[in-house]
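Notes follow the structure.
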Amino acid sequence: MKEGASQKITNINSTNTTSAINTVSYNNMNIANNNTAANNDDNTLEVVEQLQTMSTADDNVSLCANCGKEGANNICNKCKQVKYCNAVCKKVHKKKHKKDCEEHIRQIAEKHDEELFKQPPPLEDCPICFIQLPTRDSGKRYMSCCGKEICSGCNHAPVYDNQGNKIDEKVCAFCRTPAPTSGEDNIKRLKLRVEAGDPAAMYAVGIYYREGIRGFPQDDTMALELWHRSAELGYAKSFYIIGASYETGRGVEVDKGKALYYYKLGSMGGDPTARHLLALNEARVGNVERALKHHMIAVRSGQNNSLEVIKDFYKFELATKEDYTKALQSYQEYLGEIKSVQRDKAAADEDCPYY
Ligand SMILES: [Zn+2]
Ligand SMILES: [Zn+2]
Ligand SMILES: [Zn+2]
Ligand SMILES: [Zn+2]
């Protein structure tokens, strides 16, 4: 790293904590007093440890790496790739194994990075207008009737019946179920969606529990339980919010390692907010290059506060002009995919910006 770079990062982090707060405070979380993140300089090791838990050692081979006897079950706890019959064999083999061990760890980390830094696929298309759904939450609506996520444009546009007559009653633009008549009605529908195993409903109800809104009592434990269930079903946003809970200590003890672990899963699952927060954490421990890579990917997925960070990186000479130009171009590409006249109209009429 260049001389003075860490001071620059400190500056950037102080300016961009604001963007992180904005992102997270959309869900009314308090991420501001989170200085624990800055004190972790053993990031690489932590990553490798997590990877090892995820990677599976070859269980079929149980020959001792030292004496060759069968039935070895004392595993090298660094690389988890070789086994020994006992601690003595392990100790004897230690020096010989060192180089291989380091190489194993390097390979696992490399393979993991390949997965981690892949551009995830974009969000699905709106099921009505077939234009890609925007990343920004205010640009889409979850429908508790059918469980579809539709864009703000389609939610705003008038709905017509099969004869082409405009339906005056407020109905779901996808399934034409009349809108919930009351808060209780909406809760009833959402609970049914949760029971039906809909991970998006679990995520939404989790938010209501955490905030104690829309008729749900404030309950952090219930919120986390729902997000875990939703995450198990592969809902990427739930990984992000579990990670943020660990980063801020909301409903759980602060645990930086777990926060990063969930941010990674969220990032790989395609949630750009998780990736943005992961990038901020990488920058805090001085991994500017990794941070920049994450922000680039997040920008391509529509994360505009990552674009702001890259602009700052460029300003502080931590990124090149080419990097910044590339980021601007990818954001334009993203906009090209999600822009629509109907969404613009909804944004103007209903104050629901979608980018
Ligand atoms: Zn042995
Ligand atoms: Zn080893
Ligand atoms: Zn639409
Ligand atoms: Zn519907």
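Using the working numbering, the first residue of the sequence shown is number 880, and each one after it goes up by one.
We treat Cβ as the ideally placed atom computed from N, Cα and C, and that holds for glycine.
Inter-residue spacing [alpha-carbon to alpha-carbon] between residue i and residue j
{"i": "Lys1042", "j": "Lys1200", "result": "One detail in the question is off: residue 1042 reads as Gln in this sequence, not Lys. Taking the straight line joining both Cα atoms gives about 56 angstroms."}
{"i": "Asn1184", "j": "Leu1159", "result": "11 angstroms"}
{"i": "Phe1053", "j": "His1174", "result": "34 angstroms"}
{"i": "Tyr1233", "j": "Ser1209", "result": "17 angstroms"}
{"i": "Val1267", "j": "Tyr1213", "result": "This structure cannot speak to residue 1267, because the chain is shown only from 880 to 1234."}
{"i": "Gly1062", "j": "Ser1031", "result": "21 angstroms"}
{"i": "Phe996", "j": "Cys968", "result": "38 angstroms"}
{"i": "Glu982", "j": "Asn945", "result": "18 angstroms"}
{"i": "Arg1093", "j": "Arg1108", "result": "21 angstroms"}
{"i": "Asn906", "j": "Ile1086", "result": "Unreliable placement is indicated for Asn906, whose pLDDT of 34 sits below 50; the coordinate value is still reported in the next sentence. Rounded to the nearest angstrom, the two C-alpha atoms are 7 angstroms apart."}
{"i": "Tyr1239", "j": "Asn956", "result": "Outside the displayed span of the chain (880 to 1234) sits residue 1239, for which this structure offers no information."}
{"i": "Asn965", "j": "His976", "result": "15 angstroms"}
{"i": "Asp878", "j": "Val1084", "result": "It is not possible to answer for residue 878, since the shown part of the chain is limited to 880 through 1234."}
{"i": "Gly1122", "j": "Ala1153", "result": "8 angstroms"}
{"i": "Glu994", "j": "Glu1126", "result": "23 angstroms"}
{"i": "Ala988", "j": "Thr1060", "result": "53 angstroms"}
{"i": "Ser1146", "j": "Tyr1119", "result": "8 angstroms"}
{"i": "Phe1009", "j": "Asn953", "result": "55 angstroms"}
{"i": "Gly1128", "j": "Glu1090", "result": "15 angstroms"}
{"i": "Asn912", "j": "Asp1228", "result": "Note that Asn912 scores 32 on pLDDT, short of 50, meaning its location in the model is unreliable and no value can be drawn from it."}
{"i": "Gly1215", "j": "Arg1222", "result": "13 angstroms"}
{"i": "Arg985", "j": "His991", "result": "10 angstroms"}
{"i": "Val1131", "j": "Ser1124", "result": "7 angstroms"}
{"i": "Cys1033", "j": "Lys1045", "result": "14 angstroms"}
{"i": "Tyr1240", "j": "Met1081", "result": "The structure shown does not extend to residue 1240, since the chain is modelled only from 880 to 1234, so the question has no answer here."}
{"i": "Cys1191", "j": "Val1164", "result": "Note that residue 1191 is Asp in the sequence shown here, rather than Cys. Those two C-alpha atoms are separated by around 17 angstroms."}
{"i": "Ala1058", "j": "Cys1051", "result": "6 angstroms"}
{"i": "Lys1205", "j": "Ser1017", "result": "26 angstroms"}
{"i": "Val1038", "j": "Glu1074", "result": "29 angstroms"}
{"i": "Gln1211", "j": "Leu1186", "result": "11 angstroms"}
{"i": "Asp1099", "j": "Lys1070", "result": "17 angstroms"}
{"i": "Tyr1021", "j": "Ile1176", "result": "25 angstroms"}
Reduced DSSP category for residue i - H, G, I as helix; E, B as strand; rest coil
{"i": "Asp1004", "result": "strand"}
{"i": "Arg1129", "result": "coil"}
{"i": "Cys1024", "result": "coil"}
{"i": "Pro1232", "result": "coil"}
{"i": "Asn1096", "result": "One point to set straight first is that residue 1096 is Pro, not Asn, in the sequence displayed. Residue state, collapsed to three classes: coil."}
{"i": "Gln1221", "result": "helix"}
{"i": "Lys997", "result": "coil"}
{"i": "Lys948", "result": "coil"}
{"i": "Tyr1114", "result": "coil"}
{"i": "Asn1166", "result": "coil"}
{"i": "Glu982", "result": "helix"}
{"i": "Leu1197", "result": "coil"}
{"i": "Asp1191", "result": "helix"}
{"i": "Ile992", "result": "The displayed chain sequence assigns Asp, not Ile, to residue 992. Residue state, collapsed to three classes: helix."}
Per DSSP, cross-strand counterpart(s) of residue i
{"i": "Val1038", "result": "Ile1046"}
{"i": "Gln1011", "result": "Asp1004"}
{"i": "Lys962", "result": "Cys943 and Ile954"}
{"i": "Ile1030", "result": "Correcting the residue identity first, residue 1030 is Cys in this sequence and not Ile. DSSP lists Lys1019 as partners of Cys1030."}
{"i": "Pro1057", "result": "Val1050"}
Continuous alpha helix (DSSP H) stretch holding residue i: start and end
{"i": "Glu1216", "result": "Lys1200 to Ile1217"}
{"i": "Tyr1142", "result": "Lys1135 to Met1147"}
{"i": "Glu1090", "result": "Pro1078 to Glu1090"}
{"i": "Ser1180", "result": "Looking at the DSSP string, Ser1180 is not in any alpha helix (DSSP H), and its letter there is neither H nor E."}
{"i": "Leu1069", "result": "Gly1062 to Glu1074"}
Extent of the continuous beta strand (DSSP E) to which residue i belongs
{"i": "Lys1019", "result": "Lys1019 to Tyr1021"}
is_contact[residue i, chain D] using C-beta, thresh 8 angstroms
{"i": "Pro1057", "result": "Considering every chain present, this structure includes no chain D. It has just one protein chain."}
Selected residue, minimal CA-CA separation from residue i, among the options
{"i": "Glu1196", "options": "Glu1168, Cys1051 and Thr1060", "result": "Glu1168"}
{"i": "Leu1231", "options": "Gly1091, Arg1129 and Lys1019", "result": "Per the sequence shown, the amino acid found at residue 1231 is Cys instead of Leu. Residue Lys1019 is the option with its Cα nearest to Cys1231."}
{"i": "Glu1003", "options": "Ala1225, Lys948 and Asp1150", "result": "Asp1150"}
{"i": "Pro1006", "options": "Asn952, Tyr963, Glu1028 and Ala951", "result": "Glu1028"}
{"i": "Leu1144", "options": "Leu1071, Glu1111 and Cys958", "result": "Glu1111"}
{"i": "Lys1218", "options": "Glu993, His976, Arg1015 and Arg985", "result": "Arg1015"}
{"i": "Lys1224", "options": "Ala1036, Ala951, His976 and Phe1009", "result": "Ala1036"}
{"i": "Gly1136", "options": "Gly1148, Leu1157 and Gly1130", "result": "Leu1157"}
{"i": "His1155", "options": "Ser1180, Val1133 and Asp1134", "result": "Ser1180"}
{"i": "Cys958", "options": "Asp979, Leu942, Gly950 and Lys1205", "result": "Asp979"}
{"i": "Asp1064", "options": "Asp1077, Tyr1082 and Phe1095", "result": "Phe1095"}
{"i": "Ala1079", "options": "Cys1024, Val1164 and Tyr1193", "result": "Cys1024"}
{"i": "Asp1077", "options": "Tyr1114, Glu1104 and Lys1067", "result": "Tyr1114"}
{"i": "Tyr1142", "options": "Lys1116, Gly1165 and Arg1163", "result": "Lys1116"}
{"i": "Ala1198", "options": "Pro999, Lys1172, Ile1176 and Gln1182", "result": "Lys1172"}
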